[in-house]
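Below is one structure, written out as structure tokens, with a few remarks after it.
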Amino acid sequence: MGGSLPLPPKGQSHWPWLHAQESSPLASSTPQHDLGTDYYSYEDFSTPDTPEMPGFQNPSHQPCVYHHCRHLQTACAELSKDTGCLCPGVTGPDVPPEPPQLGAVHVTESGASLHWCAPSSTVWEYRLMYQADGGHTIAGPIFNSTFRMAVLGGLHPSTSYLVCVMAANQAGASPTDDGSRAHGPCRTIRTLAPQLPYAYVAAGLAAMFGLVVVSALTWHFALRSRRRGSPGQMVRVGGCSAGPR
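So, in structure tokens, the structure goes:
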């Protein structure tokens with residue numbers, strides 16, 4: 001799901017650390033940091049033989065048009081390779097990623113849509129993790145490193161959940177927390193109540209209104225019929241008209 005994913009080290013699964021988390025809450029005391037703003041180049045374009053003139057800046061040595069929070073964002077390494085721009089500094093694949101920053105979360109009766117920002121780390125893939133209040137940790141779907149948005153389904157209505165986004169590379173996974181941080185990797189949510197009872201109420205009100213209308217029309221026509229058959233009307237007797245009795 002989310003495209004092809006890089007293969008894990010030989011003999012390991014994509015998420016070997018999940019076995020230790022399935023019976024424990026999604027929490028970690030590992031310190032977390034905000035996204036970095038230092039830039040670096042994948043290639044050194046200046047050499048001692050070709051010094052740059054004072055006041056001259058190579059136009060290719062500019063920050064790449066790269067945003068940590070943009071969905072399906074092209075990898076900065078590819079942008080740098082194509083244009084020679086500078087990428088934000090990131091840790092390498094031999095260092096576990098910093099946690100993503102979870103942003104907007106929209107809930108429904110049975111799911112939630114999440115948006116996050118990438119950490120300043122080398123990320124191979126992302127995974128959604130969630131657990132109901134007092135329940136076990138459940139591993140959600142995997143997405144490749146270009147994803148910044150995803151939908152988590154299969155949730156129960158009117159239920160509190162702790163949802164987290166984890167980043168991973170060959171060195172391991174990013175830490176999680178208890179969802180109390182404003183821009184942390186986790187968030188506590190509550191799914192919406194079922195809407196079906198409201199549909200029943202609306203149907204009942206519509207049926208009641210229909211019965212009132214039918215009753216009013218029946219009473220109206222019955223009253224008209226009664227007025228037509230009231231005393232004082234001419235009565236035909238033996239083919240002749242007779243006056244009022």
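Here full-length UniProt numbering is used: position 9 in the sequence shown is 9, and no number is missing along the way.
Yeah, the Cβ is synthetic: ideal placement off N, Cα and C, and Gly gets one too.
Since this is a predicted model, take the numbers as computed values, not measurements.
In this structure, T159 is the residue among G92, P97, T159 with its C-alpha nearest to the C-alpha of T188. Taking a C-beta distance under 8 angstroms as the contact criterion, L79 and C64 qualify as a contact pair.
For the pair R190 and A222, the Cα-to-Cα distance works out to about 55 angstroms.
When Cβ pairs closer than 8 angstroms are counted between the two stretches, the segment 113-127 is seen to touch the segment 141-149, the count reaching three or more. Counting every other CB atom within 10 Å of its CB across the protein chains shown gives F209 a total below 16, marking it as exposed. Following the DSSP letters along the chain, one finds L152 inside the beta strand (DSSP E) bounded by residues 149-152. The shortest CA-to-CA distance from A112 to any of T83, L217, G140, A203 is the one to G140. Bounds of the beta strand (DSSP E) holding L114 are 112-117. Residue pairing from DSSP places R187 in a beta bridge opposite V163. At least 8 angstroms separates the beta-carbon of P99 from that of P157.
A Cβ-Cβ separation of about 6 angstroms places S121 in contact with V90 under the 8 angstroms criterion.
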